[in-house]
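One structure is given below, encoded as structure tokens.
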Amino acid sequence: IILFISINYSQEVKDTTNIPEEQKLYEKALKYVDSLKYNEAEVLLSEALKKNKKYVPALMKLGYIKLQTKDMKSSEKYYKTALKYDISQWEALKYLGKIYYETKKYAESKKMLDSAYHYESQDAELLYYRAQLMVAGKAYKEALQQLNEALDIKPNFIEALILRAEISYHIKQYNECIKNITDAIEKMPADKKDYNAYRLRAKAYFEINKFKNSISDFNVYLEANPNDEEALILRASAKINTNEFESAIADLDEAIKLNPNNPVSYNYRGAAKGGLNKFKEALQDLDYAIKLKFDYASAYVNRAAVKYAIKDRRGACKDLEKADALGDQMAYPLIQEYCKGMQ
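Counting from 1 along the sequence shown, just add 695 to a position and that's the residue number in my numbering.
Now the structure itself:
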């Protein structure tokens, strides 16, 4: 019995004498990778390759490290070398597809991602990368199919939920967009908030006239990204729709500081000033918006409203006629209501 026990014990003790040096170095490097100490890991992995230049695990991990540090060129080199020694490394194909997508080499990206899919069709990350590429080509239906499969495999895949929301926004399914973003936000770790998700949901709320919700989400986003001109303009527009004119003007003042030549900012600020009965200032902004963009139909409509408020009916109707000629859908009904009998 004693002999039997001692034999089993000896079998349980890990024998490290026959482990190749490159593998030992690789295993040490993994601990650094797990703790995001990429420089230390890279040193060990490079040493492993000096022992054996064909050691694929080290090549793959170096490719991963370079990808995480945004060194796409080096990452590409390591993944290509790994494939040179082992063509079945489908994850190398997957990440090369990601690299080519991010560098806008879409044909090469498709080739790599399709090849990876041939080896492994049930990897959620691969399905997500394929969906990204399909969205770039506006193949939204096919992209949704890939994302649905990815989320079946990995239900808490936040990036996939957000991309599915982006597609829903593109195809004007705003409620579906909001649903996906809300799901993603609920699943986000507290220390890894994706502010762009709030921006997208704010835009979706805006499209369905839920302006208070839109403002709330823009507040979260703009607290972290105060210099986003478009977000400032959109929040201002939502505030105009809820009669928060002073606050809207403050947003538009900031937007104009960022870009003093955007006619949209002057148009909306003119509308907000009109809402406060600051008609002279409103006209100045609207005149300038039209100076920057002479065919700006919305600015003509807003200027018409201000002119009508100051009893310049003829000037208002002239602006409405111009807006109608430019194709503004609001202009004609307003002409019928306010400009009858005008010569």
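Built from N, CA and C at the ideal position, the CB exists for glycine as well.
Just so you know, these numbers come straight off a predicted model, no measurement behind them.
- The alpha carbon of G969 has as its nearest neighbour, out of S942, A1004, A992, D948, the alpha carbon of A1004.
- The C-beta distance from L856 to A879 rounds to 4 Å, short enough to fall under 8 Å.
- The beta carbons of D1023 and S993 sit about 7 Å from each other, so the pair counts as a contact at 8 Å.
- The beta carbon of E976 is closer than 7 Å to those of K968 in its chain, skipping five residues each way along the sequence.
- Proximity of the region 837 to 850 to the region 799 to 813 falls short of the contact definition, fewer than three beta-carbon pairs being nearer than 8 Å.
- In the three-state scheme derived from DSSP, where H, G and I count as helix and E and B as strand, T798 is classed as coil.
- M807 carries a helical assignment under DSSP once its states are collapsed to helix, strand and coil.
- Assigned with DSSP and collapsed to three states, I903 falls in coil, not helix or strand.
- With respect to I862, A899 sits apart: the two C-beta atoms are not nearer than 8 Å.
- Secondary structure at E925: helix, using DSSP grouped into helix, strand and coil.
- The alpha carbon of K746 has as its nearest neighbour, out of P715, K836, A736, K779, the alpha carbon of P715.
- In the three-state DSSP reduction, S783 falls in the coil class, being neither helix nor strand.
- Contact between A743 and Y750 holds: CB atoms are separated by about 6 Å, below the 8 Å threshold.
- For T877, the uninterrupted alpha helix (DSSP H) segment begins and ends at 869 to 882.
- DSSP, read as helix, strand or coil, puts C1012 in helix.
- Where Y983 is concerned, the enclosing alpha helix (DSSP H) starts and stops at 974 to 987.
- Taking the Cα positions, Y963 is about 26 Å away from I866.
- Of the candidates Y869, V959, A811, the residue whose Cα lies closest to the Cα of E924 is V959.
- Per DSSP, the unbroken alpha helix (DSSP H) holding A736 starts and ends at 733 to 746.
- In the three-state DSSP reduction, I1005 falls in the coil class, being neither helix nor strand.
- Taking all protein chains in view, the Cβ of D729 is surrounded by fewer than 16 other Cβ atoms within 10 Å, so the residue is classified as exposed.
- For M755, the three-state secondary structure derived from DSSP is helix.
- Here the C-alpha atom of L917 lies approximately 46 Å from the C-alpha atom of M1037.
- Taken through DSSP and simplified to helix, strand or coil, I866 comes out as coil.
- L791 sits away from Y773, with the two beta carbons spaced by 8 Å or more.
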